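A.B. asks: Here you go, one structure.
Protein chains: 2
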Amino acid sequence: MDSLVREDLEYIWHPCMQMHDFEKNVPLVPIKSASGVYLYGYNGEKYIDCISSWWVNIFGHCNPYINQKLKEQVDKLEHVIFATFTHEPIITLSKRLIKLTNYSFDKCFYADNGSSVIEVALKMAFAAKRFEDKNVNSFISLQNAYHGETIGALSIGDIGIYNESYKPLLCKSIKIKAPRGDFYLESLEELENTLKENKDKIAAFVLEPLIQCAGGMNMYNAEFVKEATNLCRKYGIYVIFDEIAVGFGRTGSMFAFEQCGVTPDFLCLSKGISGGYLPLSVVLLKNEVYNIFYAPFYENKAFLHSHSYTGNALACACANATLDIFEKDNVIVANKILSDFIWEKAQELLEFNFIQNLRRCGMVLAFDIVGFVNERKGLEVFNKGLKKGLLLRPLGNTIYFMPPYVITKDEVLFVFDNLKCIFETFQ
Amino acid sequence: MDSLVREDLEYIWHPCMQMHDFEKNVPLVPIKSASGVYLYGYNGEKYIDCISSWWVNIFGHCNPYINQKLKEQVDKLEHVIFATFTHEPIITLSKRLIKLTNYSFDKCFYADNGSSVIEVALKMAFAAKRFEDKNVNSFISLQNAYHGETIGALSIGDIGIYNESYKPLLCKSIKIKAPRGDFYLESLEELENTLKENKDKIAAFVLEPLIQCAGGMNMYNAEFVKEATNLCRKYGIYVIFDEIAVGFGRTGSMFAFEQCGVTPDFLCLSKGISGGYLPLSVVLLKNEVYNIFYAPFYENKAFLHSHSYTGNALACACANATLDIFEKDNVIVANKILSDFIWEKAQELLEFNFIQNLRRCGMVLAFDIVGFVNERKGLEVFNKGLKKGLLLRPLGNTIYFMPPYVITKDEVLFVFDNLKCIFETFQ
């Protein structure tokens, strides 16, 4: 194991890490295998994946059913160019996705990762407005938002540590105050003022419905989503929902928009779509948008955005297997019971007065550690968690629990009992 | 099969396509299975994949060895978060990649697709210059370049159909005249003048070494790459080689830079890396760059770029299997013989006087169809090719042959004999 760590640090630069932290602040952990909610190390260690490996895994690692479907697919067709060619797994998947939204959308456009599909939605919204002779040049998004890290996605994001260094490269996005919990009236007012002043310049308003995940798990009222969407309709601006993190049951419904009483023009999905197996993303949209681009070749209206592996058959097979499990295990209903159980158990953490703002939304639970000035308490929870067999990866001093849906009640108890042990050391 | 086509067109918007073309200009082709160089349809049709499914497949579809390695991996570990955690497949892969470059690079930073890894390199180069207190705000790239379609990648690209609609969103990139064949002196002069005038504002120069692939398979002299790189060194500008399409043996050497007598600061790889199975990309770079970001946490110098599936274990397993095949089959040497055979056979096409500019570089062969004004001759080749069992996807009226390396001599003969039949109908 030591040689793995040494070689990793010699040859690899990890994402979203200050590599210097590996000198003494955090260990680098080689994972040998995984099964269900558990990740296994090389010396008998095991960790409960409390964050679903960056919010992607929903039915456990190396899920036997998804494994089998992946193996079956690779014996038939691993990949084929997705321009002019197609295959059954993606047709099946597309049909199911549209049906799952109760036909609120008409078409699926695919990409490989969350950032890329956000770029697709931004470009589609932008080009559609341009084809309609609107001289748009920017977007509206929320303060505290995270939408990915390619330049377009970064432009509509607002988490300083991610985009500060790249300001001269970013395209224009007006950031309005983010709603927090039930406080959203000010945000709505700011949105309406911004729309009034700039409506001819704005292509779309982009938001993460119900939870700004990377932005400290900021959960907020569905009414904001509804009213903001209606405002955008009133001013003729497209609405893009980034459900990359919150889609596929995470907020308690299959998609977060179901709880908001509105549908966006573009619904971006990724992460859980393949069950945590493979990069795959898709934007769902309506024929009103599709038709703007649909024209004889010589009119040059084709939407030219492609990635080599767009529509990858292996990823689609995993996605179909994931949707099979949703259906046969009635997962959305089962999660309500599980979410209540987690919520109840989590109340015990309130005995620690430095734990504040305990909140939940479906299968996401979060709280903040407050009162420790200039201390990386989140990092301490990460390190102590590892020693107790928990993979937690706090966002600063916000701790969140966002496990695979297959976690058992016993495993939940184990997590919270160990969290309590950790917090006892903080007193 | 008809119902597949109908359902596809009902629910799916394909990449890089004017969907209107499916009404009468091109068929949509459902693929049921694949093996080696062949794609199989639903009614007994088979097609030789002459373009390696957008230049990704190098050892054939559903390659038994890669299939086996993928299956073995999914029984151990399908995916784990790649921040703070790691796994053997990616450590092995990183070590092998660095070794394959003869230690010209030190570190690997991963992403999922070509566009994303270009964005990584652009952001790294940009932030590194900023950390060194240079007030950079732009890049230099080549006219006729293609580097991907997310906003950052699009900004350094220069193929009008891709980025015209998005101009107000793009970041600044100065485009200099592209070299063509042996004509590169003017380009070098323009590069030097641009560097002289703007050196304090430029973070990096980006180019596709040896072949601008999407730009009509424009092959050009390695001397340009060498001298341009040396000029950038002289003026203190980073150099990024986009080897997404040309890496992994495509130009005749494992990497194109080997033929140029220089190494860039950033080497971007994707496509062939996973053998055509799964989205995976990586940028190789030197410790001089890595060290600029390596600092105590509180200095805020971490390079924060991540994708959920960065470092995906399944994709890495396919990549390792691909490198195994390169080694055991001595592929680079074998391809030289194959490339000569293809070149010799292709000479027969010169009997058609509308075929011009026949050219090759390693395992890429291309030629242009000239003299037909305002006719989509490429499209005609595509359609007639399909009827003869060939998957060709011309770039406008440029036809290219870029097959998996496992194609046999008989299959090559089949391709060119059928191409000749197609061209006979043009006379």
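Line by line, the protein sequences are chains F and G. Residue 209 in our numbering sits at position 209 of the first sequence, and the numbers go up by one each step. Residue 1029 in our numbering sits at position 29 of the second sequence, and the numbers go up by one each step. Ideal Cβ placement from N, Cα and C applies to all residues, glycine included. These figures come from a predicted structure and were not determined experimentally.
1) Closest by CA to L278 (chain F), which one among F:K286, F:E78, F:L9?
2) DSSP has A204 (chain F) in a bridge; who is on the other side?
3) CB of E132 (chain F) to nearest heavy atom of the ligand PLP: below 6 Å?
4) Can you tell me which of the three DSSP states Q1018 (chain G) falls into?
5) Under the three-state reduction of DSSP, which class applies to L185 (chain F): helix, strand or coil?
6) Rounded to whole angstroms, what is the Cα-Cα separation between R376 (chain F) and N397 (chain F)?
7) Ordered along the chain, which non-local residues of its own chain (more than five positions away) have a Cβ less than 6 Å from that of G1216 (chain G)?
8) Flag R180 (chain F) as yes if its beta-carbon sits less than 7 Å from any beta-carbon of chain G, otherwise no.
9) Name, in chain order, the residues that DSSP records as bridge partners for D368 (chain F).
10) If S1274 (chain G) sits next to T1310 (chain G), beta carbons under 8 Å apart, how far is it from one beta carbon to the other, in whole angstroms?
11) Chain G partners of N102 (chain F), CB-CB under 7 Å?
12) Using a C-beta cutoff of 7 Å, does P64 (chain F) count as contacting chain G?
13) Please name the residue in F:K387, F:H14, F:M1, F:V5 whose C-alpha comes closest to that of H1307 (chain G).
14) Kindly indicate if chain G contains any beta-carbon less than 7 Å away from that of D265 (chain F).
15) By a C-beta neighbour count over all protein chains shown, 10 Å radius and 16 as the cutoff for buried, is S3 (chain F) buried or exposed?
16) Could you tell me whether the Cβ atoms of A493 (chain F) and V289 (chain F) are closer together than 7 Å?
17) Assign P209 (chain F) to one of three DSSP states: helix, strand, or coil.
18) Any residues in the stretch 19–33 of chain F with a beta carbon nearer than 8 Å to a beta carbon of chain G? Which ones, in chain order?
19) Assuming G276 (chain F) contacts N113 (chain F) (C-beta within less than 8 Å), just tell me the rounded distance between them.
20) The stretch 1288–1315 of chain G: which residues have C-beta closer than 8 Å to a C-beta of chain F, in chain order?
21) Mind checking the stretch 1221–1235 of chain G against chain F and listing, in chain order, the residues whose C-beta falls within less than 7 Å of any C-beta there?
22) Taking beta-carbon pairs under 9 Å, can you tell me which members of the stretch 1068–1082 of chain G lie near chain B?
23) Cutting at 8 Å between CB atoms, please list the residues of its own chain near R1360 (chain G), excluding the five before and the five after it.
24) Strictly below 9 Å CB to CB, what residues from chain F border C1108 (chain G)?
25) Between the stretch 375–393 of chain F and the stretch 407–420 of chain F, do three or more beta carbon pairs fall short of 8 Å?
26) Of all the options F:K196, F:F382, F:I31, which has the alpha carbon lying nearest to the alpha carbon of P1089 (chain G)?
27) Using only the alpha-carbon positions, how far apart do V1037 (chain G) and I1066 (chain G) sit?
28) Where V136 (chain F) and I202 (chain F) are concerned, what is the direct C-alpha to C-alpha distance, given to the nearest angstrom?
29) Please state whether the Cβ-Cβ distance between Q1143 (chain G) and K1095 (chain G) is less than 7 Å.
30) Who pairs with H1305 (chain G) in a beta bridge, going by DSSP?
31) With H, G and I counted as helix, E and B as strand and the rest as coil, what does DSSP make of R1293 (chain G)?
32) Roughly how many angstroms separate the alpha carbons of I211 (chain F) and F1266 (chain G), rounded to a whole number?
33) Given this structure, state the Cα-to-Cα distance separating V373 (chain F) from N330 (chain F), to the nearest angstrom.
34) Assuming S1187 (chain G) and F1241 (chain G) are in contact, meaning their beta carbons sit under 8 Å apart, how far apart are those beta carbons, in whole angstroms?
35) Taking V1056 (chain G) as the query, report the chain F residues whose CB atoms sit under 9 Å from its CB, ordered along the chain.
36) Closer than 7 Å by beta-carbon distance: list the chain F residues that pair up with D1133 (chain G), in chain order.
C.D. replies: The relevant details are as follows:
1) Stepping through the first sequence from its first residue, residue 278 (chain F) is reached at position 278. Of F:K286, F:E78, F:L9, the residue nearest in Cα terms is F:E78.
2) In the first sequence, residue 204 (chain F) corresponds to position 204, counting from 1. According to DSSP, A204 (chain F) shares a beta bridge with F:F139, F:Y238.
3) The ligand PLP is absent from the structure shown, which contains no ligands of any kind.
4) Position 18 of the second sequence, counted from the start, is the residue given in the question as residue 1018 (chain G). Coil at Q1018 (chain G), not helix or strand.
5) Here residue 185 (chain F) refers to the residue found at position 185 when the first sequence is read from its first residue. Correct three-state label for L185 (chain F): helix.
6) Along the first sequence, one-based indexing puts residue 376 (chain F) at 376. Along the first sequence, one-based indexing puts residue 397 (chain F) at 397. Roughly 7 Å separates the two Cα atoms.
7) Residue mapping note: residue 1216 (chain G) aligns to position 216 of the second sequence, counting from 1. Excluding sequence positions up to five before and after G1216 (chain G), its CB lies within less than 6 Å of the CB of L1395, T1398, all in the same chain and listed in chain order.
8) The count along the first sequence starts at 1 and reaches residue 180 (chain F) at position 180. Among the residues facing chain G, R180 (chain F) is not included, as its CB has no counterpart in that chain under 7 Å away.
9) Against the first sequence, residue 368 (chain F) aligns to sequence position 368. In DSSP, D368 (chain F) forms a bridge with F:Q356, F:T398.
10) As a position in the second sequence, residue 1274 (chain G) is number 274, starting the count at 1. As a position in the second sequence, residue 1310 (chain G) is number 310, starting the count at 1. Incorrect: roughly 14 Å between the Cβ atoms, too far for contact.
11) Taking the first sequence and counting its residues from 1, the one referred to as residue 102 (chain F) is at position 102. Within chain G, no C-beta atom comes less than 7 Å from the C-beta of N102 (chain F); the nearest is roughly 14 Å away.
12) Here residue 64 (chain F) refers to the residue found at position 64 when the first sequence is read from its first residue. Not closer than 7 Å to any Cβ of chain G, the Cβ of P64 (chain F) fails to qualify, so no.
13) What you label residue 1307 (chain G) is simply residue 307 of the second sequence in a count that begins at 1. Comparing Cα positions, the closest option is F:H14.
14) Working through the first sequence from its first residue, we reach residue 265 (chain F) at position 265. So no, D265 (chain F) is outside the interface.
15) Here residue 3 (chain F) is taken as the residue at index 3 of the first sequence, counted from 1. Exposed, by the Cβ-count rule.
16) Nothing can be reported for residue 493 (chain F): it is not among the residues displayed for chain F, which extend from 1 to 427.
17) Numbered from 1 along the first sequence, position 209 holds the residue referred to as residue 209 (chain F). Secondary structure at P209 (chain F): coil, using DSSP grouped into helix, strand and coil.
18) Hits within the stretch, in order: M19, H20, D21, N25, V26, P27, L28, V29, P30, I31, K32, S33.
19) To locate residue 276 (chain F), count along the first sequence from 1; it is residue 276. To locate residue 113 (chain F), count along the first sequence from 1; it is residue 113. That pair is no contact at about 13 Å.
20) Of all residues in the stretch 1288–1315 of chain G, only Y1290, F1293, Y1294, A1295, P1296, F1297, N1300, K1301, A1302, F1303, L1304, H1305, S1306, H1307, S1308, Y1309, T1310, G1311, N1312, L1314, A1315 come within less than 8 Å of chain F when Cβ atoms are compared, listed by chain position.
21) Going along the stretch 1221–1235 of chain G in chain order, one finds no residue with a Cβ nearer than 7 Å to chain F.
22) Although the question refers to chain B, the structure presented lacks it and instead comprises the protein chains F and G.
23) As a working note, residue 1360 (chain G) is residue 360 in the second sequence. Excluding positions up to five away in sequence, the list reads M1219, S1339, I1342, W1343, A1346, A1366.
24) Walking along the second sequence from the start, residue 1108 (chain G) turns up at place 108. For the C-beta of C1108 (chain G), the chain F residues within less than 9 Å are, from N- to C-terminus, Y11, I12, W13.
25) Result yes; three or more Cβ-Cβ pairs closer than 8 Å.
26) The residue labelled residue 1089 (chain G) in the question sits at position 89 within the second sequence. For P1089 (chain G), the nearest C-alpha among the options comes from F:I31.
27) For the purposes of this step, residue 1037 (chain G) is identified with residue 37 of the second sequence, where counting begins at 1. For the purposes of this step, residue 1066 (chain G) is identified with residue 66 of the second sequence, where counting begins at 1. Going from the Cα of V1037 (chain G) to the Cα of I1066 (chain G) covers about 15 Å.
28) Here residue 136 (chain F) refers to the residue found at position 136 when the first sequence is read from its first residue. Here residue 202 (chain F) refers to the residue found at position 202 when the first sequence is read from its first residue. A straight line joining the alpha-carbon of V136 (chain F) with that of I202 (chain F) spans about 5 Å.
29) Here residue 1143 (chain G) refers to the residue found at position 143 of the second sequence. Here residue 1095 (chain G) refers to the residue found at position 95 of the second sequence. Contact flag unset, no.
30) What you label residue 1305 (chain G) is simply residue 305 of the second sequence in a count that begins at 1. H1305 (chain G) pairs with nothing; no bridge assigned.
31) If you number the second sequence from 1, residue 1293 (chain G) lands on position 293. One detail in the question is off: residue 1293 (chain G) reads as Phe in this sequence, not Arg. Looking at F1293 (chain G) - three-state DSSP - the assignment turns out to be helix.
32) Here the question's residue 211 (chain F) lines up with position 211 in the first sequence. Here the question's residue 1266 (chain G) lines up with position 266 in the second sequence. I211 (chain F) and F1266 (chain G): Cα-Cα distance of roughly 37 Å.
33) Mapped onto the first sequence, residue 373 (chain F) falls at position 373. Mapped onto the first sequence, residue 330 (chain F) falls at position 330. Their Cα atoms are separated by approximately 45 Å.
34) Along the second sequence, one-based indexing puts residue 1187 (chain G) at 187. Along the second sequence, one-based indexing puts residue 1241 (chain G) at 241. Actually they are not in contact, since the Cβ atoms of S1187 (chain G) and F1241 (chain G) sit about 16 Å apart, beyond 8 Å.
35) Walking along the second sequence from the start, residue 1056 (chain G) turns up at place 56. Going along chain F in sequence order, the residues near V1056 (chain G) (Cβ under 9 Å) are H79, I81, S308, Y309.
36) By one-based count along the second sequence, residue 1133 (chain G) stands at place 133. Under the 7 Å cutoff, chain F gives no residues; its nearest Cβ is about 13 Å from D1133 (chain G).
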